[in-house]
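Worksheet: the structure to be examined is printed underneath.
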Amino acid sequence: MSRRRGVWGWVRRHRDGWPLLVLVVLGLGTWLSRTVDHPMLWMFLGVAALTGIVALVWWVRVRLRRLWDRLLVKTTDMSGVDRMNGREFEEHVALLMRTCGYRRVEVVGGASDGGVDVRARAPDGRAVVVQCKRWRRPVPPNEVRAFLGALVGSYRGHVGLFVASNGFTDAAVQEAGEAMTLVDRHDLALWMRGTWSPELPVVHPGSAGAV
Numbered sequence: 123m124s125r126r127r128g129v130w131g132w133v134r135r136h137r138d139g140w141p142l143l144v145l146v147v148l149g150l151g152t153w154l155s156r157t158v159d160h161p162m163l164w165m166f167l168g169v170a171a172l173t174g175i176v177a178l179v180w181w182v183r184v185r186l187r188r189l190w191d192r193l194l195v196k197t198t199d200m201s202g203v204d205r206m207n208g209r210e211f212e213e214h215v216a217l218l219m220r221t222c223g224y225r226r227v228e229v230v231g232g233a234s235d236g237g238v239d240v241r242a243r244a245p246d247g248r249a250v251v252v253q254c255k256r257w258r259r260p261v262p263p264n265e266v267r268a269f270l271g272a273l274v275g276s277y278r279g280h281v282g283l284f285v286a287s288n289g290f291t292d293a294a295v296q297e298a299g300e301a302m303t304l305v306d307r308h309d310l311a312l313w314m315r316g317t318w319s320p321e322l323p324v325v326h327p328g329s330a331g332a333v
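To convert a position in the sequence shown, counted from 1, into my numbering, add 122.
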């Protein structure tokens, strides 16, 4: 038999707690009846109402923003990205960085790239290195670990940005933690639309790197 829904279903599932609920309601009613003329009561109710309105406005804005982001992603043509080869994708990411104010952007991907594909200076002056993966599947955690190795090795002190055209596995996201910024397919679409740009993490532990 299916679970009852609505108010009656809630009552049936929580009937053991009804005595406590009745006591709470009676107590609240008694308190209101005794303090209805007290100015502090109306101040409290006003603050509570204002807080509720602010919370509701914030929630609506967040929901609308998420819906708008989803619409933008759905209407962004990612087929061009899917047709790129690895080098073209690196150049594409480098172009996106330049449009966001990154300086000295250089595509360095290759056999001797040291585990990174793009190097640049962020608008705030920090040294940034980027790993790009134009794959047909999500990036697994071993690739994130390899990039972390570059950040604590050859590029110690640089900020890490990992861009993947088809996102990351859950294990890869956990592996990255807060040590780098991950840009998945959804984020990439918004970046291409110009409505979003990656928020870089704090500088990786170590001395400041130079590009």
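Think of the CB as a built atom: it goes at the ideal place given N, C-alpha and C, for glycine as much as any other residue.
| Query | Result |
| --- | --- |
| Contact belief for TYR277 with VAL251 at Cβ below 8 Å, rounded distance in angstroms | 5 Å |
| Runs of beta strand (DSSP E) wholly within the stretch 252-304 (minimum 3 residues, chain order) | 281-286 |
| Beta-carbon proximity check, PRO245 vs GLN296, cutoff 9 Å | no |
| Three-state class that DSSP yields for ALA171 in the structure shown | helix |
| Inter-residue CB distance, LEU283 and VAL305 (contact presumed, cutoff 8 Å) | 7 Å |
| Assumed close pair LEU270, ALA301 - CB separation to whole angstroms, cut-off 8 Å | 6 Å |
| Buried or exposed (CB count within 10 angstroms, at least 16 for buried), ASP239 | buried |
| Assigned exposure category for LEU273 - 16 Cβ within 10 Å defines buried | buried |
| Pick from VAL229, GLY289, GLY275 and ARG243 that is closest to TRP257, judged by C-alpha positions | GLY289 |
| Range covered by the alpha helix (DSSP H) that runs through ALA242 | Looking at the DSSP string, ALA242 is not in any alpha helix (DSSP H); the run it does join, the beta strand (DSSP E), is 240-243. |
| Sequence-distant residues of its chain with Cβ nearer than 6 Å to LYS255 (five each side left out) | VAL261 and ALA286 |
| GLU321 - DSSP class collapsed to helix/strand/coil | coil |
| Chain-order list of residues whose beta-carbon lies under 6 Å from that of GLY208 (same chain, five-residue window excluded) | ARG256 |
| Beta-carbon proximity of GLU212 to GLY236, cut-off 9 Å | no |
| Three-way DSSP call (helix, strand, coil) for VAL63 in this model | The structure shown does not extend to residue 63, since the chain is modelled only from 123 through 333, so no value can be given for it. |
| Closest by C-alpha distance to ALA294, when choosing among THR303, TRP313, VAL266 and VAL203 | VAL266 |
| C-alpha distance - ALA170 paired with GLU210, whole-angstrom precision | 55 Å |
| CA nearest to the CA of MET200, picked from TRP180, ASP309, ARG220 and ALA268 | ASP309 |
| Residues bridged to VAL179 (per DSSP) | DSSP, once it has assigned bridges, lists no residue as partnering VAL179. |
| Cβ shell of ALA216 (< 7 Å), same chain only, five flanking positions each side left out | VAL227, VAL229 and VAL240 |
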